[in-house]
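**Q** Just passing along the structure, written as structure tokens.
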Amino acid sequence: MGKIAYVFPGQGSQVVGMGRDLGAASPRWADANTAVGFDLRHLCFEGPEADLALTANTQPAILTASIVALDALAAAGAAYDFVAGHSLGEYSALVAAGSVGFSDAVRIVRARGQFMQEAVAPGEGAMAAILGLDRALVSQACQEAQGAGVVQVANLNAPGQTVIAGATAAVGRAVELAKAKGAKRVVPLPVSAPFHSALMAPAANRLQVALRTIRFRDLRVPLVTNVDADLLTQGARVADALVRQVTAPVRWEEVVTRLVKEGAEIFVEVGPGKVLSGLIRRIASGVRVLHVEDQPSLDETLKALS
């Protein structure tokens, strides 16, 4: 069997009920509740969906549900060779790699969500997925729209799928230009802030200060970073990668390509949803893609790994 990479989802994968099937009685929920100061378990299991979708709630919720799924795999003796995560998911990956404790990770992503939400006033930032247009043309559209404000590439997710972020007017202008350049489809994203853009600089600065309270240990397994698709093993380098990530594009296509280059043949998406599974299949043909978010998917994955 080839090497195994565990990958962890980011914001947008949340769903009411996540984590319940695999870990309703998990002690992780009590630890998470203490870290955030409210009943995160109830929010994840019962909603309401609108509250779960608030950035400062979504981030610790997805991280906790992901680690509950990781625990279920660990209890069955499953092992892995690499980790990676999409944006927020990078924190789940760091927990999986033993670089940061679970409670510290929950606390810091709660703060990260608040910092990102507060960096831009409501309605002043936006994000959109540009589908079916060459990446260079998407970048060109962003450059040509700069007169309306900041707009830039935010996620390089897969071939033909690029996400842009920035000031609402500038994103609107870039979308018009992308359509004129031949984009097959444009999907406005239901987010509350322009993540991974220069407008997140205030959040990055606040996160840098907050991360000084965390001691990151050397990683037990390598992590491939969002910001440069580099192999990260040293705890001393973690905080810098996390701070840069806030204003830089998520280079997911490069992350997956790097993992394949390093020998990963099996990818397991650990946590709610199958967003990353779909992207990985578009990026890397010939790899096996599995996911774990509930008991049936856990059983299926363990059978495939046995």
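Residue 162 in my numbering is what sits at position 161 of the sequence shown, and the numbering runs on without skipping anything.
By construction, the Cβ of each residue, glycine as well, lies at the ideal position given by its N, Cα and C atoms.
Since the structure is predicted, the reported quantities are computational estimates derived from the model, not experimental observations.
Within its chain, find whatever has a CB closer than 6 angstroms to the CB of G274; leave out the 5 residues flanking it on each side and keep chain order.
**A** So the list reads P10 and S14, once near-sequence residues are dropped.
**Q** Please report the straight-line C-alpha distance between W30 and L41, rounded to a whole angstrom.
**A** Roughly 7 angstroms between the two C-alpha positions.
**Q** Restricting to Cα atoms, I'd like to know which of V172, A76 and D231 is closest to R259.
**A** For R259, the nearest C-alpha among the options comes from D231.
**Q** Please name the residue in K185, S198 and N158 whose C-alpha comes closest to that of V172.
**A** V172 has its Cα closest to that of S198, out of K185, S198 and N158.
**Q** Helix, strand or coil for K180 per DSSP?
**A** K180: helix per DSSP, three-state reduction.
**Q** Should D72 and L23 be called a contact, given that it needs their Cβ atoms to be closer than 9 angstroms?
**A** A contact, by the Cβ cut-off of 9 angstroms.
**Q** What is the residue span of the beta strand (DSSP E) that T163 lies within?
**A** Note, T163: beta strand (DSSP E), Q162 to A168.
**Q** State the DSSP-derived secondary structure class of G86, mapped to helix, strand or coil.
**A** Strand.
**Q** Between which residues of its own chain and L233 is the CB-CB distance below 8 angstroms, once the five residues before and five after are set aside?
**A** Counting only Cβ-Cβ distances below 8 angstroms, and skipping sequence neighbours, we find L220, P223, L224, V225, T226, V239 and A242.
**Q** Can you give the beta carbon distance from A6 to F196, rounded, assuming they're within the 8 angstroms contact cut?
**A** Wrong, their Cβ atoms sit about 23 angstroms apart, outside the cutoff.
**Q** Taking the alpha helix (DSSP H) that I68 falls in, what are its first and last residues?
**A** First-last of the alpha helix (DSSP H) with I68: T56 to A76.
**Q** Just curious, the beta strand (DSSP E) that K4 is in, first and last residue?
**A** Residues K4 to F9.
**Q** The beta strand (DSSP E) spanning L157 covers which residue range?
**A** First-last of the beta strand (DSSP E) with L157: V152 to A159.
**Q** Would a C-beta distance cut-off of 9 angstroms place E266 and S278 closer than the cut-off?
**A** No, they are not a contact pair.
**Q** Using 8 angstroms as the threshold, is the stretch 97-113 in touch with the stretch 146-162, meaning 3 or more CB pairs across them?
**A** Verdict: no, contact absent.
**Q** With hydrogens ignored, establish whether the beta-carbon of G287 is closer than 8 angstroms to any heavy atom of the ligand ADP.
**A** No copy of the ligand ADP occurs in the structure displayed, which carries no ligand at all.
**Q** Got a sec? Which residues, its chain only, sit under 7 angstroms from V121 by beta carbon, not counting five neighbours each side?
**A** Here the set comprises A194, P195 and L200.
**Q** Could you give the DSSP three-state label for R216: helix, strand or coil?
**A** In this structure, R216 counts as coil in the three-state DSSP scheme.
**Q** Based on the DSSP output, what are the partners of P189 in its beta bridges?
**A** Its beta-bridge partners are A129.
**Q** Can you tell me where the alpha helix (DSSP H) holding L291 begins and where it ends?
**A** Per DSSP, L291 belongs to no alpha helix (DSSP H); it is in the beta strand (DSSP E), R289 to V293.
**Q** Using only the alpha-carbon positions, how far apart do R21 and P61 sit?
**A** R21 and P61: Cα-Cα distance of roughly 15 angstroms.
**Q** Check whether the Cβ atoms of S100 and G236 lie closer than 9 angstroms to each other.
**A** Yes.
**Q** Measuring CB to CB, does L134 end up less than 9 angstroms from G161?
**A** Yes, they are a contact pair.
**Q** Roughly how many angstroms separate the alpha carbons of V256 and V8, rounded to a whole number?
**A** Taking the straight line joining both Cα atoms gives about 10 angstroms.
**Q** Please report the straight-line C-alpha distance between V139 and A76, rounded to a whole angstrom.
**A** If I take the Cα positions, the gap works out to 44 angstroms.
**Q** Between which residues of its own chain and V308 is the CB-CB distance below 7 angstroms, once the five residues before and five after are set aside?
**A** Any answer about residue 308 is impossible in this case: the structure gives the chain only from 2 up to 307.
**Q** Checking the sheet assignment: what are the DSSP bridge partners for I267?
**A** Answer by DSSP bridge pairing, in chain order: I5 and R289.
**Q** Per DSSP, L233 forms a beta bridge with which residues?
**A** Looking at the DSSP assignment, L233 forms a beta bridge with L224.
**Q** Looking at the secondary structure, which residues open and close the alpha helix (DSSP H) in which L138 lies?
**A** Segment R136 to E145, the alpha helix (DSSP H) holding L138.
**Q** Helix, strand or coil for V17? Go by DSSP, reduced to three states.
**A** Here V17 sits in coil by DSSP.
**Q** Under three-state DSSP, which class holds V107?
**A** Looking at V107 - three-state DSSP - the assignment turns out to be helix.
**Q** Quick check on DSSP: helix, strand or coil for V256?
**A** Looking at V256 - three-state DSSP - the assignment turns out to be helix.
**Q** Go to D40, then tell me how far its alpha helix (DSSP H) extends in each direction, as first and last residue.
**A** That residue, D40, is in no alpha helix (DSSP H); it is neither H nor E in DSSP.
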